[in-house]
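Peer 1: Got a structure for you, written out below as structure tokens; questions coming shortly.
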Amino acid sequence: MEFDLSTRRGLARAITRVESRRADHQAEAREFLTGVMDKTGKSQRIGITGVPGVGKSTFIDAFGTMLTEMGYKVAVLAVDPTSQRSGGSILGDKTRMARLSVDEDAFVRPSPAGDTLGGVARKTRESLLLCEAAGYDVILVETVGVGQSETVVAGMVDFFLVLMLPNAGDDLQGIKKGVLEVADMIAVNKSDIDESATKRAKRHYENALHILEPADPDWSPPVMTCSGQTGMGLKDLWEAIELHRSKTSQSGTRAKRRADQQIEWMTELIQDGLMSAFRHHPSIRDRLADFRQRVGSGDIPASKAADELLALFGISADN
Ligand SMILES: Nc1nc2c(ncn2[C@@H]2O[C@H](COP(=O)(O)OP(=O)(O)OP(=O)(O)O)[C@@H](O)[C@H]2O)c(=O)[nH]1
Ligand SMILES: [Mg+2]
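Using our numbering, count along the sequence shown one by one with no gaps and you end on 968.
What follows is the structure, given as structure tokens:
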């Protein structure tokens, strides 16, 4: 199966193959992806997160439009395992991306239908590579911070942007501490609403970031301010992202981050494959529920149950 990635329609069809649940479709998609791997890797991959209502869609519409006006091709993907229907959040949201969704130089793809976070993430990773092969210069991956989705998206991008509201108060707005640890930048959004609240929030997050050890010695995540609605600050954000790109390209941390991400992804796929093979193995399938029950009720130790099941699967305990 061949897809013409020079058209948005062709790219959309290739992504549909990646998203298919059918094993033969997935195999086809992987075959195709393998053939275009040499065309991947050239884009700037940016993850964007923030609580519902922080203004992600509005921001992406304005930021993406600014980038296409600068001559870049922009793709927007999403990781949202809560969207049950295909065409979940972003599509329902296309009205909020009114400009970008009709922009010739942009490609906006809704989140794949939700199964597990791992499943959605796999599809998004592969779609990201397809967008790169199709010549998109900037890929924006949006996620609303539910469950572990921020960590998962941070694990597939070069730069992770966390949007915050100006009315921070003294708490962290229900944003988990973990998200600050993976942020390459915090942007206090909706800065048009209240200038002094925005400044307070900025200081607040600067303090919060200050007590964290930066993940990358070459980069201390800055706190910036912006408004997706008025466009204020968007250019400065892009310049900071470009600075991050050039610094980390020179130091080699960008290449290392990508390499680590690919290895981590492969490891995850192997783990998933092994677990699935284990659960479906003819000697395991019918016994697993019984073992779970017996371990749960304290009949047998977990370690012994695991040994027995692994032996049934063909793995001996002294390996
Ligand atoms: N004043 C102001 N309002 C904004 C700004 N950005 C977004 N809004 C408004 O805030 C509301 C939420 O914006 P969205 O862009 O839909 O937010 P979101 O983060 O995508 O929300 P979810 O998709 O539900 O997670 C809308 O009513 C927007 O019009 C901004 O920069 N300034
Ligand atoms: Mg949205």
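Note that CB positions come from ideal geometry on N, CA and C, so glycine has one too.
Taking the alpha-carbon of Ala-857 as reference, which of Met-813, Thr-800, Leu-958 has the nearest alpha-carbon?
Peer 2: That would be Met-813, whose Cα lies nearest to the Cα of Ala-857.
Peer 1: Name the two residues that bound the continuous beta strand (DSSP E) containing Glu-791.
Peer 2: That run of the beta strand (DSSP E) goes 787-793.
Peer 1: Does the count of Cβ pairs from the region 697-717 and the region 788-799 closer than 8 Å reach three?
Peer 2: Touching, per the Cβ criterion.
Peer 1: CB Ala-727 to CB Ser-760, shorter than 8 Å?
Peer 2: Yes, the Cβ-Cβ distance between Ala-727 and Ser-760 is below 8 Å.
Peer 1: Return yes when the Cβ of Thr-800 is within less than 8 Å of the Cβ of Gly-767, no when it is not.
Peer 2: Contact: no.
Peer 1: Out of curiosity, what's the CA-to-CA distance linking Ala-747 and Asp-841?
Peer 2: Going from the Cα of Ala-747 to the Cα of Asp-841 covers about 20 Å.
Peer 1: Taking only the alpha-carbon atoms, compute the straight-line gap between Ser-750 and Phe-756 and give it to the nearest angstrom.
Peer 2: One C-alpha to the other measures close to 7 Å.
Peer 1: Is it true that the region 908-928 meets the region 868-880, where meeting means three or more beta-carbon pairs spaced less than 8 Å apart?
Peer 2: In short, these stretches do not touch, since the Cβ pair count stays below three.
Peer 1: Please list, in chain order, all residues of the same chain as Arg-928 whose beta carbon is under 8 Å from its beta carbon, the five residues on each side excluded.
Peer 2: Closer than 8 Å at the Cβ level, and outside the excluded window around Arg-928, lie Arg-934, Leu-937.
Peer 1: When you compare only the Cα positions, how much space is there between Ala-960 and Arg-943?
Peer 2: For Ala-960 and Arg-943, the distance between alpha carbons rounds to 17 Å.
Peer 1: Check whether the region 703-710 and the region 769-785 touch, using three or more Cβ-Cβ pairs below 8 Å as the test.
Peer 2: Taking 8 Å as the limit for Cβ pairs, the verdict is that the region 769-785 does not touch the region 703-710.
Peer 1: With Val-837 and Val-872 assumed to form a contact (beta carbons below 8 Å), what rounded beta-carbon distance in angstroms separates them?
Peer 2: With a Cβ gap of about 7 Å, Val-837 and Val-872 count as contacting.
Peer 1: For the putative contact between Arg-745 and Asp-710, defined by C-beta atoms under 8 Å, what is the C-beta separation to the nearest angstrom?
Peer 2: Yes, they are in contact, since the Cβ atoms of Arg-745 and Asp-710 sit about 6 Å apart, within 8 Å.
Peer 1: Counting only the same chain and skipping the five closest in sequence on each side, list residues whose C-beta sits under 6 Å from that of Asp-754.
Peer 2: Cβ neighbours of Asp-754 beyond the five flanking positions: Thr-717, Lys-722.
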